[in-house]
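Peer 1: Per the working numbering, the very first residue in the sequence shown carries number 35; after that it's consecutive. Below is one structure. I have some questions about it.
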Amino acid sequence: MALLLPVAGVDLLLAVGDGRPLWPQLVVLPIGLVALLRPAAGRPAWLTAPVRAAVPAVVSGGVTAALFLSGRESVYGPGELAILLCLLVVAVRDCPARWAAVCGVLDGAAVVALSYREVAGDSDISSVNPFGMLFLVGAAAGLGGYLRTLDHRRRATVTETQRAERLAMAADLHDFVAHHVTGILVQTQLAQLLATTEPERLGGILKDVERSAVEALASMRRTVGLLREVPEPGEAGSGDRRPGGDLAALPELVEGFGGPVGPPVELGRDASVPEDLPHEVQAAAYRVVQEALTNVRRHAADATEVTVGLSYDGRVLEVTVRDDGRGGTRLPKAARGGGFGLVGLTERVTALGGELRTGPRSDHRGWEVTAMLPTVRASP
35 MALLLPVAGV
45 DLLLAVGDGR
55 PLWPQLVVLP
65 IGLVALLRPA
75 AGRPAWLTAP
85 VRAAVPAVVS
95 GGVTAALFLS
105 GRESVYGPGE
115 LAILLCLLVV
125 AVRDCPARWA
135 AVCGVLDGAA
145 VVALSYREVA
155 GDSDISSVNP
165 FGMLFLVGAA
175 AGLGGYLRTL
185 DHRRRATVTE
195 TQRAERLAMA
205 ADLHDFVAHH
215 VTGILVQTQL
225 AQLLATTEPE
235 RLGGILKDVE
245 RSAVEALASM
255 RRTVGLLREV
265 PEPGEAGSGD
275 RRPGGDLAAL
285 PELVEGFGGP
295 VGPPVELGRD
305 ASVPEDLPHE
315 VQAAAYRVVQ
325 EALTNVRRHA
335 ADATEVTVGL
345 SYDGRVLEVT
355 VRDDGRGGTR
365 LPKAARGGGF
375 GLVGLTERVT
385 ALGGELRTGP
395 RSDHRGWEVT
405 AMLPTVRASP
């Protein structure tokens, strides 16, 4: 896209050098360049993909028709041709299905019509050979269709990854609540037995029941919004639920990552981090560390030092994983995964009201993953 500006300048030079009027280029080029080069963040709501693809094509076709009907010859350059072909790719790739064909035809027709500018006013137009233009139109449309297919596959993969992460969280919730409900049932049965023999012990038992019930309900409130879908009976994988990790399992995870050949991993857990954080927060923290370490192995195999840090300010658990890898040594492509692990991780962290940040370290000595996991939900 950055080459479009100098290429568009070539059109102006060709028109000046040939002694032809500049107005066709001054009309078409600015509109096409704005449609292609205006940043997405600064586009108004009305500047949609169909508008961007159709308006420059209609203007270009109108200029060609005006020149041809008036009998005034004019040159066209590589800039206008490149703009129209890029807009054809945009039309096929980004426009909604019902608009993709319409905008694609408009852009393709505008490209083919460029050939007729040079024979304006000539009664014999048999010398025009549009087949070269048709080939370019077909190539651009094919590229747009291929990119549209890739975009669709990526969206489908992202959606499936998010769904799998939500189901994993539902499984975690089931296991946690089932544990507490079972404990409540046992304690209730014990309380019934002691009601007549040792009533003085009922106070402690009932407090345990209350605590278990409160923890289970709090976890359910945090996670129930994620249960948007339910696996169908007999669905593949519905019986293969991976166990959820917690903070107590982090030392084993870290030790297993380093092993005899991996880079040394230092686990720093601040003394302020309590043992009884909500289950879903601990599971999310475990997943953050797990995914971050996996990405170190996949994308920064040259790392010589990895640190995992946990800190707590009373409301938010902060999980940080840093490495000093340069990314110069990587596993083969087939072993690097699909690149959607962070998608699922982001789904889990944001569902808890937290934030996940990934990027280069401030000292530019590797990569850093930071998750902020609130342990207390803000009141709605």
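The C-beta atom is built at its ideal place from N, Cα and C for all residues, glycine as well. Since the structure is predicted, the reported quantities are computational estimates derived from the model, not experimental observations.
Relative to the C-alpha of Thr-392, which candidate in Leu-376, Arg-382, Glu-381, Thr-98 has its C-alpha closest?
Peer 2: Translated into positions along the sequence shown, residue 392 becomes position 358. When each option's Cα is compared against that of Thr-392, the closest is Leu-376.
Peer 1: For the stretch 114 to 123 and the stretch 134 to 152, state whether three or more C-beta atom pairs, one from each stretch, are separated by less than 8 Å.
Peer 2: Output reads yes: the stretch 134 to 152 touches the stretch 114 to 123.
Peer 1: So the beta strand (DSSP E) Tyr-320 belongs to, where does it begin and stop?
Peer 2: Start at 1 with the first residue of the sequence shown, and residue 320 comes out as number 286. Segment 313 to 333 is the alpha helix (DSSP H) holding Tyr-320; no beta strand (DSSP E) there.
Peer 1: For Leu-46, collect the residues of the same chain with a Cβ closer than 7 Å to its Cβ; drop the 5 residues on either side in sequence, then sort them by chain order.
Peer 2: What you label residue 46 is simply residue 12 of the sequence shown in a count that begins at 1. Same-chain partners within the cutoff: Leu-56, Gln-59.
Peer 1: Thinking just about the alpha-carbon of each residue, which of Gln-223, Ile-218, Thr-380, Asp-358 is nearest to the one in Glu-244?
Peer 2: Counting from one through the sequence shown, the residue named residue 244 turns up at place 210. If we check each option's Cα against that of Glu-244, Ile-218 comes out closest.
Peer 1: Please list, in chain order, all residues of the same chain as Val-97 whose beta carbon is under 7 Å from its beta carbon, the five residues on each side excluded.
Peer 2: Counting from 1 along the sequence shown, the entry for residue 97 is found at position 63. Same-chain partners within the cutoff: Pro-58, Val-61, Val-62.
Peer 1: Can you give the Cα-Cα distance for Leu-170 and Leu-122, rounded to whole angstroms?
Peer 2: Locating residue 170 in the sequence shown gives position 136, counting from the first residue. Locating residue 122 in the sequence shown gives position 88, counting from the first residue. Taking the straight line from one Cα to the other gives about 10 Å.
Peer 1: Suppose you measure from the CA of Val-50 to the CA of Val-124; what does that come to, to the nearest Å?
Peer 2: As a working note, residue 50 is residue 16 in the sequence shown. As a working note, residue 124 is residue 90 in the sequence shown. Roughly 30 Å separates the two Cα atoms.
Peer 1: From this set, Arg-399, Pro-308, Ser-345, Gly-378, which residue's C-alpha is nearest Thr-338's C-alpha?
Peer 2: Indexing the sequence shown from 1 puts residue 338 at position 304. Among Arg-399, Pro-308, Ser-345, Gly-378, the Cα nearest to that of Thr-338 is on Arg-399.
Peer 1: Out of curiosity, what's the CA-to-CA distance linking Asp-336 and Val-315?
Peer 2: As a position in the sequence shown, residue 336 is number 302, starting the count at 1. As a position in the sequence shown, residue 315 is number 281, starting the count at 1. Going by the C-alpha atoms only, they are around 31 Å apart.
Peer 1: Please say whether Asp-347 and Trp-401 have beta carbons closer to each other than 7 Å?
Peer 2: Position 367 of the sequence shown, counting from 1, holds the residue named residue 401. Position 313 of the sequence shown, counting from 1, holds the residue named residue 347. No. Outside cutoff.
Peer 1: Bridge partners for Pro-356 per DSSP, in chain order?
Peer 2: Taking the first residue of the sequence shown as 1, we reach residue 356 at position 322. The displayed chain sequence assigns Arg, not Pro, to residue 356. For Arg-356, which the question treats as bridged, DSSP gives the partners Thr-341, Glu-402.
Peer 1: Tell me which same chain residues have a C-beta within less than 6 Å of the C-beta of Leu-181, skipping the five on either side of it?
Peer 2: Looking up residue 181 in the sequence shown gives position 147. Once the five neighbours on either side are set aside, the close Cβ partners of Leu-181 are Arg-127.
Peer 1: Just how far apart, CA to CA, sit Leu-148 and Pro-130?
Peer 2: Here residue 148 corresponds to residue number 114 of the sequence shown, with the count starting at 1. Here residue 130 corresponds to residue number 96 of the sequence shown, with the count starting at 1. If you take the alpha carbons of Leu-148 and Pro-130, they lie about 27 Å apart.
Peer 1: Specify the secondary structure class of Arg-303 as computed by DSSP and reduced to three states.
Peer 2: Locating residue 303 in the sequence shown gives position 269, where the first residue counts as 1. Three-state DSSP puts Arg-303 in a strand.
Peer 1: Say whether chain C places a C-beta atom closer than 7 Å to the C-beta of Leu-181.
Peer 2: The question asks about chain C, but that chain is absent: this structure has only one protein chain.
Peer 1: Looking at the unbroken beta strand (DSSP E) that takes in Arg-391, where does it start and where does it end?
Peer 2: Indexing the sequence shown from 1 puts residue 391 at position 357. It spans 389 to 394 - the beta strand (DSSP E) in which Arg-391 sits, taken as one unbroken run.
Peer 1: Looking at Val-330 and Val-340, is the spacing between their C-beta atoms short of 7 Å?
Peer 2: Against the sequence shown, residue 340 aligns to sequence position 306. Against the sequence shown, residue 330 aligns to sequence position 296. Cβ distance < 7 Å, so Val-340 and Val-330 count as in contact.
Peer 1: Taking the alpha helix (DSSP H) that Thr-98 belongs to, which residues open and close that run?
Peer 2: Your numbering for residue 98 matches position 64 in the sequence shown. First-last of the alpha helix (DSSP H) with Thr-98: 83 to 104.
Peer 1: Tell me the DSSP secondary structure of Pro-298 in three-state form.
Peer 2: The residue given as residue 298 occupies position 264 in the sequence shown. If DSSP states are grouped into helix, strand and coil, Pro-298 belongs with coil.
Peer 1: Would you call the CB atoms of Tyr-320 and Gly-378 closer than 7 Å?
Peer 2: In the sequence shown, counting from the first residue as 1, residue 320 sits at position 286. In the sequence shown, counting from the first residue as 1, residue 378 sits at position 344. Not a contact, by the Cβ cut-off of 7 Å.
Peer 1: Assuming Glu-325 and Gln-196 are in contact, meaning their beta carbons sit under 8 Å apart, how far apart are those beta carbons, in whole angstroms?
Peer 2: Against the sequence shown, residue 325 aligns to sequence position 291. Against the sequence shown, residue 196 aligns to sequence position 162. Incorrect: roughly 14 Å between the Cβ atoms, too far for contact.
Peer 1: Helix, strand or coil for Asp-397? Go by DSSP, reduced to three states.
Peer 2: Start at 1 with the first residue of the sequence shown, and residue 397 comes out as number 363. It is coil, neither helix nor strand.
Peer 1: Using CA coordinates, which residue listed in Gly-290, Leu-301, Ala-405, Glu-289 is at the minimum distance from Ala-317?
Peer 2: In the sequence shown, the residue the question calls residue 317 occupies position 283. Measuring from the Cα of Ala-317, the nearest candidate turns out to be Ala-405.
Peer 1: What are the start and end residues of the alpha helix (DSSP H) that includes Arg-349?
Peer 2: Start at 1 with the first residue of the sequence shown, and residue 349 comes out as number 315. Where Arg-349 is concerned, there is no enclosing alpha helix (DSSP H), given that its DSSP letter is neither H nor E.
Peer 1: So, is His-333 buried or exposed, given that buried needs 16 or more other C-beta atoms within 10 angstroms?
Peer 2: Looking up residue 333 in the sequence shown gives position 299. The residue is buried, with at least 16 neighbouring Cβ atoms inside 10 Å.
Peer 1: Are Pro-112 and Val-41 touching if we call contact CB-CB under 7 Å?
Peer 2: In the sequence shown, the residue the question calls residue 112 occupies position 78. In the sequence shown, the residue the question calls residue 41 occupies position 7. A contact, by the Cβ cut-off of 7 Å.
Peer 1: With a threshold of 6 Å on Cβ separation, who are the neighbours of Pro-267 within its own chain once the five nearest residues in sequence on each side are excluded?
Peer 2: Working through the sequence shown from its first residue, we reach residue 267 at position 233. Its pLDDT being 39, under 50, Pro-267 is placed unreliably in this model, and the value from its coordinates should be taken loosely. So no residue of the chain qualifies.
Peer 1: Who are the Cβ neighbours of Glu-389 in its own chain at under 6 Å, not counting the five residues just before and after it?
Peer 2: Taking the sequence shown and counting its residues from 1, one reaches residue 389 at position 355. Met-406.
Peer 1: Check each candidate in Ser-345, Ala-283, Leu-287 and name the one with the smallest Cα separation from Pro-308.
Peer 2: The count along the sequence shown starts at 1 and reaches residue 308 at position 274. Among Ser-345, Ala-283, Leu-287, the Cα nearest to that of Pro-308 belongs to Ser-345.
Peer 1: Among the candidates Leu-284, Gly-178, Tyr-110, whose CA atom is the shortest distance from the CA of Asp-52?
Peer 2: Translated into positions along the sequence shown, residue 52 becomes position 18. Selected option, being the one with the closest Cα: Tyr-110.
Peer 1: Leu-227 to Leu-386, Cα distance in whole Å?
Peer 2: The sequence position of residue 227 within the sequence shown is 193, counting from 1. The sequence position of residue 386 within the sequence shown is 352, counting from 1. Between Leu-227 and Leu-386, the C-alpha separation is close to 40 Å.
Peer 1: Compute the Euclidean distance between the alpha carbons of Gly-66 and Trp-80, then round it to the nearest angstrom.
Peer 2: By 1-based counting over the sequence shown, the position of residue 66 is 32. By 1-based counting over the sequence shown, the position of residue 80 is 46. If I take the Cα positions, the gap works out to 16 Å.
Peer 1: If I measure Cβ to Cβ from Val-146 and keep anything under 6 Å in the same chain, skipping five residues before and after, which residues do I get?
Peer 2: Here residue 146 refers to the residue found at position 112 of the sequence shown. Cβ neighbours of Val-146 beyond the five flanking positions: Pro-164, Met-167.
Peer 1: Is Leu-70 helix, strand or coil when you go by DSSP?
Peer 2: Numbered from its first residue, the sequence shown carries residue 70 at position 36. Correct three-state label for Leu-70: helix.
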